[in-house]
Structures are given as C-alpha cells and as structure tokens.
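Worksheet: one structure, shown below.
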Amino acid sequence: MFYEKTNQWNALTAAQKKRLWKLAEDYKSFLSTSKTERLANDEILRMAQKAGFVSLEEVVKKGKVSPGDKVYLDQKGKASVLMILGEDLEEGMDIVGSHLDVPRLDLKPMPLYEEGNMALLKTHYYGGVKKYQWTAIPLALHGVVFTKDGKRVDISIGEKEEDPVFYINDLLIHLSADQMKKALSEGISAEQLNVLLGHIPQKDEKDNPVKTAVLKILQKEFGMIEEDFLSAELEIVPAGPARDVGIDRGMIAGHGHDDRVSAYTSLAALLEIEKPARTAVCIFADKEEVGSMGNTGMESRYFENMVAELLALFDKGELAVRRSLANSRVISADVTACFDPTFPEVTEKYNVAHAGCGIVMSKYTGVRGKGGSNDANAEFLSDLRQVFAKKKVVWQSGELGKVDQGGGGTIAFILANLGAEVVDMGVPVLSMHAPFELISKADLYSAYTAYKAFLE
Ligand code: MN
Ligand code: MN
25 MFYEKTNQWN ALTAAQKKRL WKLAEDYKSF LSTSKTERLA NDEILRMAQK
75 AGFVSLEEVV KKGKVSPGDK VYLDQKGKAS VLMILGEDLE EGMDIVGSHL
125 DVPRLDLKPM PLYEEGNMAL LKTHYYGGVK KYQWTAIPLA LHGVVFTKDG
175 KRVDISIGEK EEDPVFYIND LLIHLSADQM KKALSEGISA EQLNVLLGHI
225 PQKDEKDNPV KTAVLKILQK EFGMIEEDFL SAELEIVPAG PARDVGIDRG
275 MIAGHGHDDR VSAYTSLAAL LEIEKPARTA VCIFADKEEV GSMGNTGMES
325 RYFENMVAEL LALFDKGELA VRRSLANSRV ISADVTACFD PTFPEVTEKY
375 NVAHAGCGIV MSKYTGVRGK GGSNDANAEF LSDLRQVFAK KKVVWQSGEL
425 GKVDQGGGGT IAFILANLGA EVVDMGVPVL SMHAPFELIS KADLYSAYTA
475 YKAFLE
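Next up, the structure:
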C-alpha cells in the first residue's frame, strides 16, 4: 500500500555492482578529458565513430539509409546528435537530450593586461556561478585560437601533472574587514575574476615587461599574437581530474556533472543498442546554461534539419518531419537538486531527491508556480513507469527545492514545442554549479539503466 524509495546500492546484484564500478571509472576518465563543450563533443564523436556511426554528410552523399544504420551530426564541434534508425522514422523517435556546456569563466576579447608585476586575464563568466568559489583554486585553460592567417590552434594547459595551472586571487583575511561585511554574492565581483597568466618580466623592457614576456611565450608555443585573442574561444575551468570521494569511494567529485553525467550515461546506453524497433536518439546540446540560444543551442533547428535530411532519403517531406517529431518521446536528461543534510531548509522533505536512490523524474521544473516549465503528461509518466518497472530500474521523484525557494529550467520545453512527449530525468547533484560538483555512483548507474531501458 505504501510507497517507499529504493536505495540503489541495496538493489544491486553482484554483476550489476561490477558494471557500476566499471561505469564509474569510464565516466571519471570521460569527465577528466572533456573539460569543455568542444572537448566533450570530440570525445563523444570519437566513441560514436568507433561504434560504427557515420556522419550525416556521408549518409546524404551515399543517398541511402536503412533501419539499424547509425548516423551522427556534428554541430559546429560543440553539439551533436547520434541516431540509430528504427523501422520507420516517421513513426517517431525515442530521444534522450542532454547538454555539454558547463558554467565556467570565458576570457574577454581583449583579456591581457599587466599590473603589480603580474600579467592577468580579464574574464566574463558563463552561466550561473557563485563567483567566490572560483578564487584561490588551481585553474586550467582550454580552447581554440585562430592566428592572423586563419590557422586553428588548440590550447590545453593545466591538466597534466607537469603543467602549470592558473589562479584567481582572493583577498587575504587580514585585510578583509570590509569584504567580510558584504553579501556573499558581492564578496567577489565579476570584474575581480582576473586570472594570473604570468609573472617574470622581459629584461630591459620599460613598458609592460611581464605582458611582453608572456606574449613572447604565447608566440613561441602557439604562434599567436595579442590580436588573436579577439577571435579566440578560451575557457577557464578548474584544473585536475574527477576523483572518488569517501572512504568507500561511493561518490565522485568532478567538474561538470551538470550535465555531462547525463551525456555520458545516455551515450553509454545508446552504444549498447543494436537495431531498435523505434529510432533511438541522443542529443548533446550546447548553450543550455545561457538559455539554449545560438546555432549550437537547442533552440536552433539543427536536429529538425537532420530529421528532414534523413526522411528525404526515404522520399518523405516536411509533413513527415513534423509527424516524426510529434510522435517522439523525450527524456530531457538534466541533473537536479539533491537533499543536502547541511542545507535541509531549502528543500521539502517529502519531495526532494536523495543521493543513492536513483535517477530523478521531475514532472515539472520552473519558478514561481511552475513558470517556464514543461509539465509532463500523466499518460507519458505512466508509460515510463511501466518500462522502468519491467526493466527493474531504480528511480525516484524529485522537485528542484521548496516552492518559491528558486528553481531552474532545462531544454524540455523546446522539444515539447515540437509536439513530443517530454519529461525531465537526471542525476541528483550536490554543490551544483560549483567548480567541483558531487554525485553518487549509484545514481550514475541508475541513470545509465534508465536511459537504456527507455532507448531499447
Ligand atoms: Mn543542466
Ligand atoms: Mn546547470
């Protein structure tokens, strides 16, 4: 008669436990090498190609697709779609959609300046960050630079053991009387998020000797000049790999669980599927953290265009595209809040997700009375309950905090606009949007089983 949550750890067979530990190792290495949306996208496409996925361009050039074919779309190197064709694309798809972008600090177009015998970089934060969390920790620099003659140079500094790291100063406690009286949101301001790039001056150089010296290093190492910053995309992220947490290694701390945990678990699930009856899809979107705009964000038409290209190969037009999208079922795979025993006051105890109790189904998200939320249909939730019960998936329900405490959104509403059935489902995360976030390995495993059950 009564409903009780299941603790995923207690529900594991020996074989499942083995799969969980392997999945956790693979995920940690994915997270550690995929510190930006570009790097995550590269890694996903590398794994997809290895599993036999062929680019949409090649498929279109060949002019033919068949059920069981595996196709990928690379959207500008920052977002992608993987698709395994089912028996009839027009009848709809089963889609898991996640995002690859993570809150971070981007360099400004003209970032470099010198003061106090230090060369520093100005930043503009991306997504929702608590600014004070980014000071006094080791940082890495990743991104792409185009030189004056248009040559692309990829930069990655701060991840290898022997690499230098970067650093944002905080004020010494001894002189922080005024700072400590400020609200937490103002203790460190956006314009104080300046990254130390170098310190050794160019000898006999009167003006900006440190800036001169670091520019010489950039020229020597990457062939770049100061002007090349203008067109570059360079991101500051916390340095270092994802790590096991706890004496029992039950949890993982890493940069970007939101939302690369959904991306990785859905990818792992899709790569194990052969010849699904319905077309199985993973979408890895960009720009979710800043409103899903731009031609790599979910508001863009690249996914619809891909469906149109494929249906055209079956001599089907725009109406078939609309039908395919409207007949689809979508899990909007994004992380959610987790009960934190240190901050119980922001959640409502009967409707909060707990670490270890599995992937979280959120019927709705939103703020101030479900504002901006996709409120999933009871019929669709019922269908999913049946699928998960049959496949023995451990899952739980959860709201993103107390009513009127705050809130958030996902890409769910965008896919629902196409007429598809959509629900939010993701791993509960502690310290969400902090430089290093925390998840349970049990919930990682649960997400993989849920996405797999759905896509199969
Ligand atoms: Mn997210
Ligand atoms: Mn987020």
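Residue numbers for the sequence shown follow the working numbering, beginning at 25 and rising by one.
For each residue, glycine too, the CB sits at the ideal point set by N, CA and C.
Keep in mind the model is a prediction, meaning the values are calculated, not measured.
- Within the same chain, Leu291, Leu295 come within 7 Å of Met71 by CB-CB distance, once the 5 residues on both sides are set aside.
- If you draw a straight line from the Cα of Val359 to the Cα of Gly450, it is about 4 Å long.
- For the pair Val219 and Leu163, the CB atoms are nearer than the 8 Å cut-off.
- Remark: the C-beta of Asp358 is in contact range of ligand 1, defined as less than 7 Å to any heavy atom.
- Non-local beta-carbon contacts of Leu335 in its own chain, meaning distances under 7 Å to residues more than five positions away in sequence, involve Leu113, Glu114, Ala344, Val345, Ser348 in chain order.
- In the three-state reduction of the DSSP assignment, Ala164 falls in the strand class, which pools E and B.
- Taking C-beta atoms under 8 Å as the contact rule, Val269 and Ala277 qualify, at a distance of about 5 Å.
- Inside the stretch 378-459, DSSP marks whole beta strand (DSSP E) runs of 3 or more residues at positions 383-386, 419-421, 445-450, from first to last along the chain.
- Shortest gap from the CB of His457 to any heavy atom of ligand 2: under 7 Å.
- Contact between Leu109 and Gly87 fails: their C-beta atoms lie close to 15 Å from each other, not under 8 Å.
- Per DSSP, Pro262 lies in no alpha helix (DSSP H) segment; the continuous beta strand (DSSP E) that holds it begins and ends at 257-262.
- A distance below 8 Å between beta-carbons, with the five flanking residues on each side excluded, links Trp33 to the following residues of its chain, in chain order: Gly274, Gly380, Ala466.
- Counting only runs of at least 3 residues, the stretch 171-243 fully encloses the following beta strand (DSSP E) elements, listed from N- to C-terminal order: 176-181, 219-222.
- When C-alpha distances from Gln420 are compared across Ala361, Val153, Lys205, Val427, the shortest belongs to Ala361.
- One alpha carbon belongs to His378, the other to Gln226, and they sit about 55 Å apart.
- Secondary structure note for Ile68: it is in no beta strand (DSSP E), and the uninterrupted alpha helix (DSSP H) holding it is 61-74.
- Under the rule that a run must span 3 or more residues, the beta strand (DSSP E) segments found entirely inside the stretch 295-336 read 303-309.
- Residue Ile119 holds the alpha-carbon nearest to the alpha-carbon of Ala436 among Lys46, Lys42, Ser90, Ile119.
- Under the three-state reduction of DSSP output, Leu80 falls in the helix class.
- The continuous beta strand (DSSP E) containing Thr147 extends over residues 142-150.
- Under the three-state reduction of DSSP, Arg273 is assigned to coil, being neither helix nor strand.
- When distances are taken from the beta-carbon of Glu61 to the heavy atoms of ligand 1, even the shortest one reaches 7 Å or more.
- Annotation for Pro265: Ser56 place their beta carbon closer than 6 Å to its own, counting only its chain and skipping 5 residues before and after.
- Three or more Cβ pairs closer than 8 Å define a contact, and the stretch 320-331 falls short of that threshold against the stretch 404-421.
- For Ala444 against Ser352, the beta-carbon gap comes to about 4 Å, under 8 Å, which counts as contact.
- Between Ala458 and Ile161, the alpha-carbon positions lie close to 12 Å from each other.
- Rounded to the nearest angstrom, the Cβ distance from Ile181 to Leu258 is 10 Å, too far for a contact under 8 Å.
- By the beta-carbon neighbour count (other beta carbons within 10 angstroms, threshold 16), Val305 is buried.
- Taking C-beta separations shorter than 7 Å and ignoring five residues to either side along the sequence, the partners of Met317 in its chain run Lys311, Glu323, following chain order.
- The three-state reading of DSSP puts Tyr469 in helix, counting H, G and I together.
- The Cβ-Cβ distance between Val168 and Met248 does not fall below 8 Å.
- Per the C-alpha coordinates, the member of Lys299, Tyr27, Leu124, Asn31 positioned closest to Glu61 is Leu124.
- Counting C-beta pairs closer than 8 Å gives three or more between the stretch 181-196 and the stretch 151-159, which meets the contact rule.
- According to DSSP, Tyr96 shares a beta bridge with Ser79, Leu106.
- Relative to ligand 2, Asp282 has its C-beta within less than 7 Å of a heavy atom.
- Annotation for His123 indicates a beta carbon within 7 Å of some heavy atom of ligand 1.
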